[in-house]
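In terms of the numbering used here, the numbers along the sequence shown are unbroken and rise by one, the last being 162. Idealized CB from N, CA, C, for every residue including glycine. Just so we're clear, the structure is a prediction, and the values are computed from it rather than from any experiment. Data first, discussion second: the structure below is written as structure tokens.
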Amino acid sequence: MFKGSFQFTIDAKGRVSIPSRFREILAERYEEKLVVTNDLDKCLVAFPFEEWSLIEQKIRELPSSEPHVKAFMRFVYSRATECELDRQGRVLIPPSLREYAQLKRDVIIVGMGNKIEIWDPSLWDKALAPEQFPAISETLARLGL
Numbered sequence: 018m019f020k021g022s023f024q025f026t027i028d029a030k031g032r033v034s035i036p037s038r039f040r041e042i043l044a045e046r047y048e049e050k051l052v053v054t055n056d057l058d059k060c061l062v063a064f065p066f067e068e069w070s071l072i073e074q075k076i077r078e079l080p081s082s083e084p085h086v087k088a089f090m091r092f093v094y095s096r097a098t099e100c101e102l103d104r105q106g107r108v109l110i111p112p113s114l115r116e117y118a119q120l121k122r123d124v125i126i127v128g129m130g131n132k133i134e135i136w137d138p139s140l141w142d143k144a145l146a147p148e149q150f151p152a153i154s155e156t157l158a159r160l161g162l
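Quick look at the structure:
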């Protein structure tokens with residue numbers, strides 16, 4: 018399970034280091050390959066290839082005749098990119114994905130269980146704004162957590 022948050026920088030070529038703890042998990046449980054795509058929360062999400070295959074299977078089971086499902090499929094698939102870790106444990110983030118998530122130099126890399134999120138620091142701070150906590154708490158209570 019990926020967990021924790023880490024601050025890194027994107028180099029001039031668009032590469033970002035994956036935290037060593039995450040690289041260890043990838044090496045032990047998965048291939049050292051990620052599928053990176055955009056997320057509705059204005060960040061990027063990176064799945065180990067095996068986890069991405071499970072996500073794709075679930076997406077294929079959705080009714081593509083539904084307009085929102087079709088829009089979601091276009092949104093996710095259009096920018097999904099397979100990225101292999103280089104010898105230094107970095108992945109190359111394509112320009113279109115960096116632009117979408119407003120990634121410039123500094124990034125926050127967040128473990129989210131079976132996936133990794135990559136955030137612009139200011140957008141990350143907004144996502145964790147304390148004023149959202151009451152609504153989050155209500156939703157989690159309603160869902161039994």
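- No Cβ-Cβ contact shorter than 8 Å links residue 22 with residue 106.
- Under the Cβ criterion (8 Å, minimum of three pairs), the segment 30-49 counts as touching the segment 60-72.
- Taking one beta carbon from each stretch, the segment 126-146 and the segment 22-36 have 3 or more pairs nearer than 8 Å; the two touch.
- Residue 131 is positioned such that its CB atom lies no closer than 8 Å to that of residue 96.
- Partner residues in the beta bridge of residue 63, as assigned by DSSP, are 53, 133.
- The beta-bridge partner set that DSSP reports for residue 83 is empty.
- A distance of 8 Å or more separates the beta carbons of residue 153 and residue 141.
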